[in-house]
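Quick notes on the structure that follows.
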Amino acid sequence: MVNLVYRNALEKGEGLVIEHRLICEDGSIKYLLCIGEAIKDDNGTCLGLKGTMQDITERKLIEEKLKKAKEYAEEANSAKSLFSPI
Numbered sequence: 008m009v010n011l012v013y014r015n016a017l018e019k020g021e022g023l024v025i026e027h028r029l030i031c032e033d034g035s036i037k038y039l040l041c042i043g044e045a046i047k048d049d050n051g052t053c054l055g056l057k058g059t060m061q062d063i064t065e066r067k068l069i070e071e072k073l074k075k076a077k078e079y080a081e082e083a084n085s086a087k088s089l090f091s092p093i
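According to the numbering used here, the sequence shown is numbered sequentially starting from 8.
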């Protein structure tokens, strides 16, 4: 998927923004945010991409914890309403 996004950006001469997961040799998982823009010649031909990669692993882990906490709270609230007196 990542290669396809990069290839597509190069072929179309467009920028890109992509978040993706990287599995390291030690089995750990990192999440990256890649933002790039096309470098074009005077004729508009795309010569390459330039941009940044940022490690967003901590942010993704926090987002996952928040998502699980929200689901837990919603389930607890649903269970509570099932057993509340009428």
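The beta-carbon is built from N, C-alpha and C at its ideal position, and this holds for glycine as well.
The structure displayed is predicted, hence computed values, not measured ones.
Answer with buried or exposed for residue i, where buried requires no fewer than 16 other C-beta atoms within 10 angstroms of its C-beta.
i	result
residue 83	exposed
residue 45	buried
residue 34	exposed
Since I believe residue j is in contact with residue i (beta carbons under 8 Å), could you give me their beta-carbon distance rounded to a whole number of angstroms?
i	j	result
residue 56	residue 48	About 14 Å; that fails the 8 Å criterion.
residue 26	residue 11	Rounded, the Cβ-Cβ distance is 15 Å, inconsistent with contact.
residue 38	residue 72	Incorrect: roughly 14 Å between the Cβ atoms, too far for contact.
Alpha carbon to alpha carbon, what distance is there between residue j and residue i?
i	j	result
residue 16	residue 79	40 Å
residue 51	residue 22	14 Å
residue 19	residue 42	16 Å
residue 60	residue 81	35 Å
residue 13	residue 65	24 Å
Looking only at its own chain, which residues have a Cβ that is under 7 Å from the Cβ of residue i, when we skip the five neighbours before and after it?
i	result
residue 75	none
residue 62	37, 39
For residue i, which residues in the same chain have their Cβ closer than 8 Å to its Cβ, ignoring the five residues on either side in sequence?
i	result
residue 36	28, 29, 30, 64
Whose C-beta lies closer than 6 Å to the C-beta of residue i among residues of the same chain, with five residues either side of it excluded?
i	result
residue 24	42
- Query: Which whole runs of the beta strand (DSSP E) in the region 17–87 are 3 residues long or more, in chain order?
  - Reply: Inside the region 17–87, DSSP marks whole beta strand (DSSP E) runs of 3 or more residues at positions 23–30, 36–47, 53–62, from first to last along the chain.
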